[in-house]
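The sequence shown begins at 0 in numbering that gives the first Met the number 0 and counts up by one. Just so you know, even glycine gets a beta-carbon here, dropped at the ideal spot from N, CA and C. What you are looking at is a predicted structure, and each value in this text was computed from that prediction instead of being measured. First up is the structure itself, then whatever we jot down about it.
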Amino acid sequence: MRRLRGAKTLNSLSGLAEEERHRILKRANEGRVAAIKRGTKLGRTPKLDDHQQKEALKRIKAGESLRTIAKSYRVHHSTISRLAG
């Protein structure tokens, strides 16, 4: 009998937890949509601004090594490598 009560309690608690997860997701998604409508950019801010990215691409085309370019901007060489495509 005790096992049955415990199982019922666990089932009801798991149902409540699932409902709460759905409410949290709904609020989070609504917040994202509102932020996008306001013009907010989501995600990480880039390590290099647009000007630095263009300059890095010019330097890559000129034949400079990725590591040298990365050191001059104080970023990891993989950041420069992703720019090169």
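Considering only C-alpha positions, which residue in the set H21, R73, A55 is nearest to A83? The residue given as residue 83 occupies position 84 in the sequence shown. Out of H21, R73, A55, A55 has the C-alpha closest to the C-alpha of A83.
Straight-line Cα distance separating I68 from I59: Reading the sequence shown from its first residue, position 60 is the one you call residue 59. Reading the sequence shown from its first residue, position 69 is the one you call residue 68. Looking at the two C-alpha atoms, the distance is approximately 8 Å.
Near G42, what residues of its chain come up, given a Cβ to Cβ distance below 8 Å and the 5 sequence neighbours on each side ignored? Here residue 42 refers to the residue found at position 43 when the sequence shown is read from its first residue. For G42, where only same-chain residues beyond five positions count, there are no Cβ hits under 8 Å.
Expected contact under 8 Å - CB spacing of L65 and H76 to nearest Å: Your numbering for residue 65 matches position 66 in the sequence shown. Your numbering for residue 76 matches position 77 in the sequence shown. Confirmed, Cβ separation roughly 5 Å.
Does the ligand ZN have even one heavy atom less than 8 Å from the beta-carbon of E19? The ligand ZN is absent from the structure shown, which contains no ligands of any kind.
Kindly give me the distance between the Cβ atoms of K46 and V74, rounded to whole angstroms, as I take these residues to be in contact under 8 Å. Numbered from 1 along the sequence shown, position 47 holds the residue referred to as residue 46. Numbered from 1 along the sequence shown, position 75 holds the residue referred to as residue 74. Correct: roughly 5 Å between the Cβ atoms.
What first and last residue would you give for the alpha helix (DSSP H) that runs through A61? As a first step, residue 61 must be located in the sequence shown, where it is residue number 62. Here A61 belongs to no alpha helix (DSSP H), and DSSP marks it neither H nor E.
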